[in-house]
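Presented below is the structure to which this report refers.
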Amino acid sequence: MKKIFISHASKDASIMQAFIDEILVGALSVKISEIFCTTTDGTKIISGEDWRNSIRDALIASKITFLIITPNYKESEVSLCEMGAAWVSSGVVIPLIVEPINFSTVGIIQQPKQVEKLLDEKSLDRIRDQVQEHLEISPKEIKSDRWTLKKYEFMEKVNKIVEASPFLPPLSREDFDKALNDKLDIQNAMKVLISEKNQQDKMIEKLKMAKDPAEIKAIEKEFKNTDLIDEFGDLSKVVKDKLKSLHPIIRGIAFITYSGKNVSISYKGYEDAIDDAISRDYIGEDLTADWGSTRLMSELYSALSDLSIFVNEISENDPFIDDYYDQYKAPLSTSNLDFWEEVFDSKVYLS
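Here my numbering is used: the first residue of the sequence shown is 170, the next is one more, and so on.
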């Protein structure tokens with residue numbers, strides 16, 4: 170009868186062999202015939218048997234189930250199935266973790282007090298007590314000196330195994346998702362770079378064949394990068410959409426507050442609009458924009474700031490400048506009234 174079931178990843182067979190040889194058989198005098206393990210001689214499934222039935226029967230019959238949890242174990246579908254089955258069996262389940270698996274990364278085991286460390290002296294002593302109790306091994310069969318010797322031999326042997334083939338650190342779901350997203354970002358960036366390189370090569374070939382300045386200018390216009398003007402349009406649209414919710418006189422107050430210009434404004438005839446804006450916390454009683462009290466005004470300020478940063482980062486010789494003035498007459502400045510009215514397509518009242 171199999172009294173001990175050992176669940177482990179096939180890649181960890183050498184660790185398992187040491188556990189059986191040094192601890193279970195060598196130190197605790199457990200008979201090899203009482204141990205079920207799919208990779209160790211004397212404990213394997215008999216050839217021709219249905220391995221699923223053999224594992225199930227061994228799990229049901231075992232008094233103790235050891236789960237040797239390593240990074241290899243967590244990647245093994247069969248091992249994880251054995252783990253799930255072990256928890257619903259009637260026997261004692263003892264998870265044994267091996268670094269870099271720890272109490273926080275062991276995963277499915279929810280109570281750290283149930284987990285032992287395979288390469289820890291005190292954990293091994295507790296394992297000895299569990300085996301002795303549940304297999305009813307007489308204390309006379311476990312000699313103290315022999316147990317201590319075998320325990321240290323086991324730890325030394327497994328440490329050498331792990332040092333020779335170290336485990337990779339476990340990867341959390343969060344880290345995996347981040348790595349996957351980073352990979353996708355790099356792939357997308359590479360596609361953009363390749364596309365830009367192809368366009369550049371085509372432009373160079375056409376420029377080589379150009380005969381006069383007019384033809385050169387036409388070729389440059391054909392291949393110009395429209396990304397910046399598109400980005401400018403997107404940023405401007407966000408501001409435009411926010412301004413739609415405000416009365417033109419309130420837009421004027423927002424313009425003066427944002428630009429910081431010392432401009433006088435006449436409120437005569439707009440008292441109702443101003444009172445409404447004050448009541449909604451769009452502006453303060455001092456008749457300046459209140460950027461912090463409402464979501465609308467906070468988002469408007471954020472959108473204006475994003476657009477200002479974009480404009481300020483454009484160099485004087487950037488092709489974007491020509492693209493901008495092809496579409497607009499207003500100066501390229503978020504502190505200019507004509508810019509607000511033309512680019513944001515919004516009426517702004519100062520009187």
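Backbone N, C-alpha and C fix where the C-beta goes; we use that ideal spot for every residue, glycine too.
Does DSSP classify residue i as helix, strand or coil?
{"i": "VAL262", "result": "strand"}
{"i": "SER520", "result": "coil"}
{"i": "LEU501", "result": "coil"}
{"i": "LYS380", "result": "coil"}
{"i": "SER435", "result": "coil"}
{"i": "GLU332", "result": "helix"}
{"i": "GLU172", "result": "The displayed chain sequence assigns Lys, not Glu, to residue 172. Looking at LYS172 - three-state DSSP - the assignment turns out to be coil, as it is neither helix nor strand."}
{"i": "THR426", "result": "helix"}
{"i": "LYS311", "result": "The sequence given here has Ile at residue 311, not Lys. Coil at ILE311, not helix or strand."}
{"i": "LEU415", "result": "coil"}
{"i": "LYS200", "result": "coil"}
{"i": "LEU153", "result": "Since the first and last residues shown for the chain are 170 and 520, residue 153 lies out of range."}
{"i": "PHE205", "result": "strand"}
{"i": "GLY217", "result": "In this predicted model, GLY217 has a pLDDT of only 41, less than 50, meaning its place in the structure is not dependable; the value taken from the coordinates is given anyway. Coil."}
{"i": "LEU236", "result": "strand"}
{"i": "ILE452", "result": "strand"}
{"i": "GLU343", "result": "helix"}
I'd like to know whether the C-beta atoms of residue i and residue j end up nearer to each other than 9 Å.
{"i": "ILE173", "j": "ILE224", "result": "no"}
{"i": "LYS171", "j": "SER231", "result": "yes"}
{"i": "THR503", "j": "SER428", "result": "yes"}
{"i": "ILE447", "j": "GLY453", "result": "yes"}
{"i": "ALA499", "j": "ASP507", "result": "yes"}
{"i": "ASP294", "j": "LYS320", "result": "yes"}
{"i": "SER405", "j": "VAL512", "result": "yes"}
{"i": "VAL262", "j": "GLN283", "result": "yes"}
{"i": "SER292", "j": "LEU265", "result": "yes"}
{"i": "LEU456", "j": "ILE422", "result": "yes"}
Can you tell which of the options has the C-alpha that lies nearest to the C-alpha of residue i?
{"i": "LEU469", "options": "LEU288, SER433, PHE424", "result": "PHE424"}
{"i": "LEU228", "options": "SER198, THR239, GLY260", "result": "GLY260"}
{"i": "GLU400", "options": "ASP344, ILE483, PHE205", "result": "ILE483"}
{"i": "SER334", "options": "LYS371, PRO240, ILE398", "result": "PRO240"}
{"i": "THR207", "options": "ILE189, ASN328, GLY195", "result": "ILE189"}
{"i": "LEU304", "options": "VAL432, GLU332, GLU191, ILE204", "result": "ILE204"}
{"i": "LEU473", "options": "SER307, VAL408, ILE266", "result": "VAL408"}
{"i": "ALA187", "options": "GLN299, PRO264, LYS329", "result": "LYS329"}
{"i": "ILE388", "options": "GLN368, PRO500, GLU244", "result": "GLN368"}
{"i": "GLN496", "options": "PHE323, GLU485, ASP514", "result": "ASP514"}
{"i": "ASP475", "options": "GLU374, ASP403, ILE184, ARG449", "result": "ASP403"}
{"i": "ILE419", "options": "SER435, ASN431, LYS406, SER405", "result": "SER435"}
{"i": "LYS286", "options": "SER448, ILE237, ASP344", "result": "ILE237"}
{"i": "ILE184", "options": "LEU197, VAL199, LYS200, PHE235", "result": "PHE235"}
{"i": "ASN271", "options": "SER176, PHE336, ILE363", "result": "PHE336"}
{"i": "GLU325", "options": "ASP289, LYS380, HIS416, ILE306", "result": "ASP289"}
{"i": "ALA442", "options": "ASN481, LYS347, PRO417, ASN505", "result": "PRO417"}
Apart from the five residues just before and just after residue i, which ones in its own chain have a Cβ nearer than 7 Å to its Cβ?
{"i": "MET466", "result": "TYR451, ALA458, ASP459, TRP460"}
{"i": "LYS375", "result": "ILE388"}
Just to confirm, does residue i get its C-beta within under 8 Å of one of the non-hydrogen atoms of the ligand GTP?
{"i": "ASP381", "result": "This structure simply doesn't include the ligand GTP, nor any ligand for that matter."}
Within a Cβ cutoff of 8 Å, which residues of the same chain sit near residue i, ignoring the five residues on either side of it in sequence?
{"i": "ASP487", "result": "LEU397"}
{"i": "LEU193", "result": "ILE173, VAL199, ILE204, VAL300"}
{"i": "GLY217", "result": "Residue confidence for GLY217 is low, a pLDDT of 41 falling below 50, so the modelled location carries little weight; the figure read from the coordinates is stated next. Hits under 8 Å: none found."}
{"i": "PHE489", "result": "LEU397, ILE398, PHE401, ILE483"}
By Cβ distance below 6 Å, which residues in the same chain neighbour residue i in space, the five residues on each side in sequence not counted?
{"i": "ASP219", "result": "Note that ASP219 has pLDDT 45, beneath the 50 cutoff, so the model's placement of it is unreliable and the number below is only indicative. Excluding sequence neighbours, ASP219 sits near nothing in its chain."}
{"i": "THR463", "result": "ASP450"}
{"i": "GLU510", "result": "VAL517"}
{"i": "TRP316", "result": "ALA196"}
Please specify which runs of the alpha helix (DSSP H), each continuous and at least 4 residues long, are wholly inside the stretch 456-494, giving them in chain order.
Given a length threshold of 4 residues, each whole run of the alpha helix (DSSP H) inside the stretch 456-494 is given here in chain order: 464-481.
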